[in-house]
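Everything in the sequence shown is counted per the numbering used here, starting at 2 for the first residue and increasing by one. Below: one structure, written as structure tokens.
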Amino acid sequence: MYDFVVVGVGPAGARFSRRTAENGYDVLALEQGTIGTPLACSGHVSTDIWTVTGDGARDDLFQNEIYGARFHVGGPRSDAYPFYKREVASNVIDRVGLDRHLADLAREAGADVRERHTVTGVTERRDRVEIVASGPDGPVTYEAKMVAGCDGPRSRVRDELGLPDPDEFLHGVLAFSEEEDHQNFVDVHLTAPTFFAWRIPRGDAGVEYGLAAPPGVAVSKHFEELIDGYEVDVSLRCSGAIPIGPADRVTSRRGFLIGDAAAQTKPFTGGGILYGTTSADHAAREIDPDRPTSLAAYERAWRDDLEREQRLGRYLRRAYSLPEPVQHAGLGALSGEIGVHMDRPTSLVSPAHLRAMLSRFRP
Numbered sequence: 002m003y004d005f006v007v008v009g010v011g012p013a014g015a016r017f018s019r020r021t022a023e024n025g026y027d028v029l030a031l032e033q034g035t036i037g038t039p040l041a042c043s044g045h046v047s048t049d050i051w052t053v054t055g056d057g058a059r060d061d062l063f064q065n066e067i068y069g070a071r072f073h074v075g076g077p078r079s080d081a082y083p084f085y086k087r088e089v090a091s092n093v094i095d096r097v098g099l100d101r102h103l104a105d106l107a108r109e110a111g112a113d114v115r116e117r118h119t120v121t122g123v124t125e126r127r128d129r130v131e132i133v134a135s136g137p138d139g140p141v142t143y144e145a146k147m148v149a150g151c152d153g154p155r156s157r158v159r160d161e162l163g164l165p166d167p168d169e170f171l172h173g174v175l176a177f178s179e180e181e182d183h184q185n186f187v188d189v190h191l192t193a194p195t196f197f198a199w200r201i202p203r204g205d206a207g208v209e210y211g212l213a214a215p216p217g218v219a220v221s222k223h224f225e226e227l228i229d230g231y232e233v234d235v236s237l238r239c240s241g242a243i244p245i246g247p248a249d250r251v252t253s254r255r256g257f258l259i260g261d262a263a264a265q266t267k268p269f270t271g272g273g274i275l276y277g278t279t280s281a282d283h284a285a286r287e288i289d290p291d292r293p294t295s296l297a298a299y300e301r302a303w304r305d306d307l308e309r310e311q312r313l314g315r316y317l318r319r320a321y322s323l324p325e326p327v328q329h330a331g332l333g334a335l336s337g338e339i340g341v342h343m344d345r346p347t348s349l350v351s352p353a354h355l356r357a358m359l360s361r362f363r364p
């Protein structure tokens with residue numbers, strides 16, 4: 002019997018597997034396909050990403066440095082409102098490579114990481130959890146003291162445990178062009194209904210284009226308009242669900258969710274790598290597989306850390322749907338140097354941001 006079976010080896014699952022293996026627990030981690038594919042997440046991340054990677058990771062994964070963002074109320078040819086920092090604000094990385102790197106760290110820590118294992122059933126018993134998976138050699142059943150659902154927005158573990166869904170799912174689309182671009186600004190377009198579209202320069206690796214919107218919106222149509230506006234050819238298109246708004250409960254008797262499965266994402270961008278890995282650290286710190294009651298400590302810990310950020314992030318997202326004249330006025334008044342952290346909306350009232358705002362009025 003394993004201490005933990007981890008379903009899904011994206012950043013959250015790999016991080017939890019690594020941390021619990023380092024703590025001496027017996028960990029089995031199952032990935033449905035090949036780790037890192039299919040790609041369904043942007044590679045634009047805060048510089049905090051390097052706190053969860055191993056030695057030398059930056060040399061292998063880094064693609065570009067970003068200092069700020071140009072916001073547009075219209076398409077590519079519309080006026081831009083720049084928001085920027087004097088130091089590097091974020092990085093663009095090899096997103097597939099990140100997943101594989103984090104999985105390797107979990108293996109090095111002692112976790113048993115297995116690819117091509119699709120979980121088809123999860124049953125909680127009084128003293129254990131039974132996990133049924135379809136592997137390369139056919140069906141196999143594993144037993145564990147606890148199961149961690151790190152299997153993305155359409156989580157099978159969440160469904161099997163009877164845990165509630167996130168508040169909503171956005172439909173996201175990504176595509177890439179081969180044009181070399183070392184600009185240090187991303188472009189954000191407030192043209193997608195209730196969300197936004199983006200262009201991210203990836204240095205020698207090309208350019209990433211993306212868009213997200215709620216179900217029922219003609220996402221493909223809006224995305225084609227974005228690509229046409231930039232007059233580029235794209236390839237490697239991929240799409241996926243983006244969970245927004247965690248449910249009131251992400252734990253059961255012997256199971257728990259981390260990452261996208263728990264909607265531990267930023268409501269204002271949809272990104273979830275740092276929120277997911279942060280929550281994985283809370284889970285590894287708080288959960289004892291021999292004490293199911295310790296799951297309550299995990300629920301408290303990750304919410305205490307991220308709840309304010311997610312709540313404020315929801316307010317920021319509402320600004321995407323303001324009337325265009327209001328958006329122009331607001332962006333025009335607020336654009337310029339900033340001191341915010343892209344993962345922490347509460348940094349809007351930080352000393353760094355207040356200093357940056359006041360600096361605009363210095364002679």
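Even for Gly, the Cβ is constructed at its ideal location relative to N, Cα and C.
Open item on the list: Give me, in chain order, the residues of the same chain whose beta-carbon lies closer than 8 Å to that of residue 249; leave out the 5 immediate sequence neighbours on both sides.
Closed with: Here residue 249 corresponds to residue number 248 of the sequence shown, with the count starting at 1. So the qualifying residues of the chain are 165.
Open item on the list: Whether or not the region 30-47 and the region 94-110 are in contact is what I'm after, with contact meaning three or more pairs of Cβ atoms, one per stretch, closer than 8 Å; do they touch?
Closed with: yes
Task: Contacts around residue 40, its chain only, beta-carbon distance under 8 Å, and the 5 residues preceding and following it disregarded - done: One-based indexing of the sequence shown puts residue 40 at position 39. Closer than 8 Å at the Cβ level, and outside the excluded window around residue 40, lie 96, 97, 175, 237, 239.
Task: Sequence-distant residues of the same chain with beta carbon closer than 7 Å to residue 69, five excluded per side - done: What you label residue 69 is simply residue 68 of the sequence shown in a count that begins at 1. Contacts found: 83, 84, 85, 86, 90, 186.
- [ ] Could you have a look at residue 147 and say whether DSSP puts it in helix, strand or coil?
- [x] Your numbering for residue 147 matches position 146 in the sequence shown. DSSP places residue 147 in strand when its eight states are reduced to three.
- [ ] Please state if the CB of residue 244 and the CB of residue 167 are separated by a distance shorter than 8 Å.
- [x] The residue labelled residue 167 in the question sits at position 166 within the sequence shown. The residue labelled residue 244 in the question sits at position 243 within the sequence shown. The answer is yes: Cβ separation under 8 Å.
- [ ] Kindly indicate which three-state DSSP category residue 106 falls into: helix, strand or coil?
- [x] Numbered from 1 along the sequence shown, position 105 holds the residue referred to as residue 106. Helix, per DSSP.
Open item on the list: Quick check on the burial criterion: 16 or more other C-beta atoms within 10 angstroms. Buried or exposed for residue 146?
Closed with: The residue you call residue 146 lines up with position 145 of the sequence shown. Residue 146 comes out buried.
Task: Cβ-Cβ distance between residue 173 and residue 271 below 8 Å - done: Residue mapping note: residue 173 aligns to position 172 of the sequence shown, counting from 1. Residue mapping note: residue 271 aligns to position 270 of the sequence shown, counting from 1. Result yes, Cβ atoms of residue 173 and residue 271 sit closer than 8 Å.
TODO: Give the straight-line distance between the Cα atoms of residue 148 and residue 58, rounded to the nearest whole angstrom.
DONE: Position 147 of the sequence shown holds residue 148. Position 57 of the sequence shown holds residue 58. So the alpha carbons of these two residues sit roughly 29 Å apart.
TODO: Give a yes or no on whether the C-beta atoms belonging to residue 207 and residue 77 are separated by under 8 Å.
DONE: Indexing the sequence shown from 1 puts residue 207 at position 206. Indexing the sequence shown from 1 puts residue 77 at position 76. No.
Open item on the list: Would you call the region 14-28 in contact with the region 103-119, where contact means no fewer than 3 C-beta pairs closer than 8 Å?
Closed with: yes
Task: Range of the contiguous alpha helix (DSSP H) that encloses residue 297 - done: Here the question's residue 297 lines up with position 296 in the sequence shown. Counting along the chain, the alpha helix (DSSP H) containing residue 297 begins and ends at 296-319.
- [ ] Could you tell me if residue 35 is buried or exposed, where buried requires 16 or more neighbouring beta carbons within 10 angstroms of its beta carbon?
- [x] Position 34 of the sequence shown, counting from 1, holds the residue named residue 35. That one is exposed.
Open item on the list: Among the candidates 358, 316, 336, 289, whose CA atom is the shortest distance from the CA of residue 25?
Closed with: Position 24 of the sequence shown, counted from the first residue, corresponds to residue 25. Of the listed residues, the one whose Cα sits closest to residue 25 is 289.
TODO: Just the C-alpha distance for residue 213 and residue 241, rounded to the nearest angstrom, thanks.
DONE: For the purposes of this step, residue 213 is taken as the residue at position 212 of the sequence shown. For the purposes of this step, residue 241 is taken as the residue at position 240 of the sequence shown. Between residue 213 and residue 241, the C-alpha separation is close to 9 Å.
- [ ] Write down the C-beta distance between residue 215 and residue 192 rounded to the nearest angstrom, noting that I regard them as a contact closer than 8 Å.
- [x] Here residue 215 corresponds to residue number 214 of the sequence shown, with the count starting at 1. Here residue 192 corresponds to residue number 191 of the sequence shown, with the count starting at 1. Not a contact, Cβ separation roughly 14 Å.
Open item on the list: Can you look up residue 292 in the DSSP assignment and give me helix, strand or coil?
Closed with: Here residue 292 refers to the residue found at position 291 of the sequence shown. In this structure, residue 292 counts as strand in the three-state DSSP scheme.
Task: Burial state of residue 118, where buried means 16 or more other Cβ atoms lie within 10 Å - done: Residue 118 sits at position 117 when you count from the first residue of the sequence shown. So residue 118 ends up on the buried side.
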